[in-house]
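Take 2 as the starting number for the sequence shown in the numbering used here and just add one per residue. Even for Gly, the Cβ is constructed at its ideal location relative to N, Cα and C.
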Amino acid sequence: MKILGIESSCDETAAAVVEDGQRLLSNVVHSQIDIHAQYGGVIPEVAARSHIEMINPVINKALRDANLTWDGIDAIAVTYAPGLVGSLLVGTLAARTLAELHQKPLYPIHHVEAHVYANFITDQTASSQSSRLDTPVAEGKSVVQPVLAGETPSANEHIQKGEQNRGELSLPTQQPAFPMLALIVSGGHSQLVLFHDHGNYELLGETQDDAVGEAFDKVAKIIGLPYPGGPSIARVAEHGDPQAYQFPKAKLANPYDFSFSGLKTAVLRAVQREVGVDHTFPSYGLPERLNGLQQADFAASFQHTAVKTLVDVTERAYHDFQPASVVIAGGVAANQELRAQLKERLPLSIDYAPIQLCTDNAAMIASLAYYQQRVVAPTPVDQVTVVPSLSMRRTAWA
Ligand code: KG4
Ligand code: ZN
2 MKILGIESSC DETAAAVVED GQRLLSNVVH SQIDIHAQYG GVIPEVAARS
52 HIEMINPVIN KALRDANLTW DGIDAIAVTY APGLVGSLLV GTLAARTLAE
102 LHQKPLYPIH HVEAHVYANF ITDQTASSQS SRLDTPVAEG KSVVQPVLAG
152 ETPSANEHIQ KGEQNRGELS LPTQQPAFPM LALIVSGGHS QLVLFHDHGN
202 YELLGETQDD AVGEAFDKVA KIIGLPYPGG PSIARVAEHG DPQAYQFPKA
252 KLANPYDFSF SGLKTAVLRA VQREVGVDHT FPSYGLPERL NGLQQADFAA
302 SFQHTAVKTL VDVTERAYHD FQPASVVIAG GVAANQELRA QLKERLPLSI
352 DYAPIQLCTD NAAMIASLAY YQQRVVAPTP VDQVTVVPSL SMRRTAWA
């Protein structure tokens with residue numbers, strides 16, 4: 002069964018075709034990072050407009066890369082929750098229109114649940130190689146114009162650029178076994194979930210304040226590193242001493258919960274102390290007072306504490322629940338320090354998903370949809386709505 006997945010919940014416009022939940026036939030991602038980097042974060046209205054511009058070219062390229070026409074697509078899956086409302090609306094509207102037009106069953110998918118399914122993709126066809134579409138840029142600004150058929154010169158131009166970036170993914174050799182412990186860590190989520198089976202899971206713990214990716218992004222801003230903060234901190238941390246500064250770890254009533262806002266504030270206070278200003282000094286004035294070595298030491302020390310927090314909780318849950326497999330998911334799962342520490346601390350080998358499938362993509366949406374459609378009926382096109390905030394307490398399968 003071949004499912005077209007569509008993802009537009011935040012700042013990536015993505016489409017992919019996945020066969021039987023596990024074989025990648027195409028994977029196209031258009032990232033808006035270049036657009037948002039100049040503001041230091043995602044601007045919701047700008048994100049929605051970029052999605053409008055790119056959604057059709059991205060979908061058309063996903064079909065083309067998979068060597069398929071609409072006849073070859075069995076169903077459409079789209080992210081309906083959680084995310085930015087304007088961004089979610091663009092993807093769901095495109096999916097609803099295409100499902101109606103081509104008479105395909107439609108499955109609304111929970112973005113956070115879907116992150117876990119990046120780990121279920123174990124196979125790819127030779128023609129499936131992932132590609133990124135570049136943002137159309139004119140005089141430093143993105144061109145905001147609706148593209149209806151993906152055939153305008155600007156869309157074609159970016160599609161060709163994307164084709165130059167093709168790359169084969171290094172996929173896990175087999176799918177994870179149940180019960181499966183999943184650490185889901187992204188810009189909006191930090192959760193530890195025990196999956197008994199597909200669609201049957203319990204939330205063991207979650208962040209009580211900031212998501213861990215959000216903490217990476219905020220700390221990067223404090224020490225003057227570019228958005229998105231996760232990769233910037235990881236890069237600079239390589240040159241720093243992870244023991245240079247000691248930051249406290251939050252103690253919480255539920256041993257599987259997380260908290261990252263205290264850590265972020267601890268970094269802010271330590272930077273203020275280091276450069277000799279008091280706690281009222283604004284954070285935007287701090288980067289210019291830090292030298293490269295201090296910046297690297299703060300990045301390394303913060304990353305060390307953030308990763309240790311995640312690994313301590315995961316290790317405890319592993320011993321308490323004895324799962325058959327452990328997976329990590331979400332943008333922060335791209336972090337090499339997290340991968341290395343988990344490997345070291347857990348007595349089982351983890352077959353990590355490739356980084357391209359950890360950050361936002363549509364292959365994970367199409368993969369989850371395959372398992373969901375085996376037990377859940379498609380949703381009538383006019384009943385697909387967006388839900389900007391939806392936790393993982395309630396399964397999307399019910
Ligand atoms: O899953 P994702 O692409 O989008 C959300 O659903 O949030 O995750 C984005 C988050 C950002 O906060 C980014 O800073 C973080 O993932 N991230 C990383 C790394 N790569 C991306 N955090 C730490 N280390 C990385 N290498
Ligand atoms: Zn995500």
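Would you mind working out which of A82, W71, V86, I110 sits nearest A100, comparing C-alpha positions?
Residue 100 sits at position 99 when you count from the first residue of the sequence shown. Comparing Cα positions, the closest option is W71.
With DSSP as the reference, please indicate the residues paired to A15 in a beta bridge.
To locate residue 15, count along the sequence shown from 1; it is residue 14. Beta-bridge pairing links A15 to E8, V30.
With a threshold of 16 other CB atoms inside 10 Å of the CB of A16, please say whether the residue is buried or exposed.
Here the question's residue 16 lines up with position 15 in the sequence shown. Buried, since its Cβ has 16 or more Cβ neighbours within 10 Å.
Use the C-beta contact count for H116: other C-beta atoms within 10 angstroms, 16 or more gives buried, fewer gives exposed.
Walking along the sequence shown from the start, residue 116 turns up at place 115. With 16 or more Cβ atoms within 10 Å of its Cβ, H116 is classed as buried.
Pair every Cβ in the region 37–47 with every Cβ in the region 380–387, then say whether three or more of these pairs are closer than 8 Å.
No: fewer than three Cβ pairs fall under 8 Å.
Could you please give the first and the last residue of the uninterrupted beta strand (DSSP E) stretch that includes H197?
What you label residue 197 is simply residue 196 of the sequence shown in a count that begins at 1. Residues 191–198.
Taking the C-alpha atoms as reference points, what is the distance between G413 and L287?
For residue 413 there is no data in the structure shown, the boundaries of the chain being 2 and 399.
Drop a sphere of 10 angstroms on the beta-carbon of V19, count the other beta-carbons inside from all chains shown, and report buried for 16 or more, exposed for fewer.
Position 18 of the sequence shown, counting from 1, holds the residue named residue 19. So V19 counts as buried.
Can you give me the C-alpha to C-alpha distance between R270 and H280, rounded to a whole angstrom?
By 1-based counting over the sequence shown, the position of residue 270 is 269. By 1-based counting over the sequence shown, the position of residue 280 is 279. The straight-line gap from Cα to Cα measures roughly 6 Å.
Apart from the five residues on each side of it in sequence, which residues of its chain come closer than 7 Å, Cβ to Cβ, to L369?
Here residue 369 is taken as the residue at index 368 of the sequence shown, counted from 1. If we look at L369 and ignore the five residues flanking it on each side, its Cβ neighbours are I110, E114, A115, Y118.
Just checking: is the beta-carbon of I185 within a distance shorter than 9 Å of some beta-carbon in chain C?
The structure shown contains no chain C; it is built from a single protein chain.
Using alpha carbons as the reference points, say which of H199, T174, I366, P324 lies closest to G92.
For the purposes of this step, residue 92 is taken as residue 91 along the sequence shown, with counting starting at 1. It is I366 whose Cα lies nearest to the Cα of G92.
Considering only heavy atoms of ligand 1, does any lie closer than 8 Å to the CB of H190?
Counting from one through the sequence shown, the residue named residue 190 turns up at place 189. Yes, Cβ of H190 sits closer than 8 Å to a heavy atom of ligand 1.
One question on the structure: do A238 and A297 come within less than 9 Å of each other, judged by their Cβ atoms?
In the sequence shown, residue 238 corresponds to position 237, counting from 1. In the sequence shown, residue 297 corresponds to position 296, counting from 1. The answer is yes: Cβ separation under 9 Å.
What I want to know is whether the C-beta of E215 ends up closer than 8 Å to one or more non-hydrogen atoms of ligand 1.
Locating residue 215 in the sequence shown gives position 214, counting from the first residue. Yes, the beta carbon of E215 sits closer than 8 Å to at least one heavy atom of ligand 1.
Going by DSSP in three states, P173 sits in which element: helix, strand or coil?
In the sequence shown, residue 173 corresponds to position 172, counting from 1. Three-state DSSP puts P173 in coil, outside helix and strand.
How is the beta strand (DSSP E) around R133 delimited, first residue to last?
Taking the sequence shown and counting its residues from 1, one reaches residue 133 at position 132. First-last of the beta strand (DSSP E) with R133: 132–134.
Beta-carbon separation of A78 and Q373 under 9 Å?
In the sequence shown, the residue the question calls residue 78 occupies position 77. In the sequence shown, the residue the question calls residue 373 occupies position 372. Yes, the Cβ-Cβ distance between A78 and Q373 is below 9 Å.
Alpha carbon to alpha carbon, what distance is there between L343 and V213?
Along the sequence shown, one-based indexing puts residue 213 at 212. Along the sequence shown, one-based indexing puts residue 343 at 342. Approximately 16 Å between the Cα atoms of the pair.
Tell me the DSSP secondary structure of Y285 in three-state form.
Counting from 1 along the sequence shown, the entry for residue 285 is found at position 284. Y285: helix per DSSP, three-state reduction.
Mind checking who D124 pairs with in its DSSP beta bridge?
Walking along the sequence shown from the start, residue 124 turns up at place 123. Answer by DSSP bridge pairing, in chain order: R24.
With DSSP as the reference, identify every bridge partner of S326, one or two as the case may be.
Indexing the sequence shown from 1 puts residue 326 at position 325. Answer is M181.
Is the CB-CB distance between A325 and P177 below 9 Å?
Locating residue 325 in the sequence shown gives position 324, where the first residue counts as 1. Locating residue 177 in the sequence shown gives position 176, where the first residue counts as 1. Yes, Cβ-Cβ distance for A325 and P177 is below 9 Å.
Does the Cβ of D218 have 16 or more other Cβ atoms within 10 Å, making it buried, or fewer, making it exposed?
Position 217 of the sequence shown, counted from the start, is the residue given in the question as residue 218. Classification of D218: buried, given that the 10 Å Cβ count is 16 or more.
Using 10 angstroms around the beta-carbon of E203, count the other beta-carbons present and answer buried if the total reaches 16, otherwise exposed.
Locating residue 203 in the sequence shown gives position 202, where the first residue counts as 1. E203 counts as exposed, since fewer than 16 other beta carbons sit within 10 angstroms of its beta carbon.
Under DSSP, the alpha helix (DSSP H) around N61 begins and ends at which residues?
Position 60 of the sequence shown, counting from 1, holds the residue named residue 61. That run of the alpha helix (DSSP H) goes 45–66.
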